[in-house]
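According to mature numbering (1 follows the signal peptide of the UniProt record, and there is no 0), the residues represented by the sequence shown are -23 to -1, 1 to 176, in order.
Backbone N, C-alpha and C define an ideal beta-carbon position, used for all residues, glycine too.
Here the structure is a predicted model, which is why all the values come from computation and not from measurement.
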Amino acid sequence: MEGRGSWCSQCVCSSLSLSVSSAATFVVNVTQSSYEAEENHSITLEWTFTTRTQGSYRELFIVCSLLAPHKELDLYEVHEGVEIPESQDEHFSGRVQSDKDVLREGRIRLHVSRLRTEDSGLFVCYVKTEDGFNSGRCRLNVTARRSHSEPKTKPETTNETSLRKWGHVVALVVVIAVLSSCYLFYKKVKTGEHNPHVL
Ligand SMILES: *[C@@H]1O[C@H](CO)[C@@H](O)[C@H](O)[C@H]1NC(C)=O
Ligand SMILES: *[C@@H]1O[C@H](CO)[C@@H](O)[C@H](O)[C@H]1NC(C)=O
Ligand SMILES: *[C@@H]1O[C@H](CO)[C@@H](O)[C@H](O)[C@H]1NC(C)=O
């Protein structure tokens, strides 16, 4: 974080001074400006930057972050051509794989897995080389997966269901009939016993 702060303030200064000379020559593009994905799926975000016609950059700094509503979450950093996994925000911990081999071709390929809806937002990569500084951004929209409980299919057919329902009604009627006849019988016996005293 600290190292990035210092080089970034440097690159802002150099980008200001180089803006006229290098803005046109050093570019950072996105291969796709917006991505759609479903929760728990994975996606590959890709940027390209200007490479040298001869040799590669001696100096290569990259910071890729998710611009979330109140914070900036780093997902990928390269300092002097070396990946710095420690600078990655824990939000992305274990979920980002980079393709280091394509860096020399001027490509940043980040495979983000187990996507969360909170990963939605603007992803930006800042790239600084001895030729200049620039950035490219793309948007990611991670949609929540539909709830599993919603399309509940009934295992019984309607015929079975109504049969069962009628079975329950018949059983209930039988129980009520038995109970009431027991009660009537009991009452009859009781009144028969006590009748002489009452009269
Ligand atoms: C960036 O995009 C422009 C316009 O499509 C293209 O001309 C240029 O070659 C691209 N550069 C890189 C490094 O991808
Ligand atoms: C994200 O995708 C969903 C489903 O396709 C869509 O309804 C929504 O408008 C999208 N949101 C943004 C910010 O693009
Ligand atoms: C996403 O994956 C996690 C763990 O693999 C799981 O617990 C969760 O239910 C999944 N979410 C959806 C919406 O499928």
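Around the CB of Ser10, fewer than 16 other CB atoms lie within 10 Å, so the residue is classed as exposed. In the DSSP assignment, Ser97 is bridged to no other residue. Between the alpha carbons of Leu161 and Ala148 lies a gap of roughly 20 Å.
In this chain, the beta strand (DSSP E) harbouring Asn111 covers Gly109 to Thr120. A distance below 6 Å between beta-carbons, with the five flanking residues on each side excluded, links Leu99 to the following residues of its chain, in chain order: Leu44, Arg114 and Arg116.
Taken through DSSP and simplified to helix, strand or coil, Val40 comes out as strand. DSSP places His88 within a strand segment (E or B) once states are collapsed to three. For the pair Gly58 and Arg84, the Cα-to-Cα distance works out to about 13 Å. When the five nearest sequence neighbours on each side are left out, the beta carbons in the same chain lying within less than 6 Å of the beta carbon of Glu13 are those of Asn118, in order along the chain.
Proximity annotation: ligand 2 has residues Asn118 and Thr120 in chain order, each selected because its CB is closer than 5 Å to a heavy atom of the ligand. With the criterion CB distance below 6 Å from any heavy atom of ligand 1, the matching residues run Val4, Asn6, Thr25, Phe26, Thr27 and Gly83 along the chain. Three or more beta-carbon pairs separated by less than 8 Å link the stretch 86 to 106 to the stretch 26 to 40, which places the two stretches in contact. In the three-state reduction of the DSSP assignment, Phe26 falls in the strand class.
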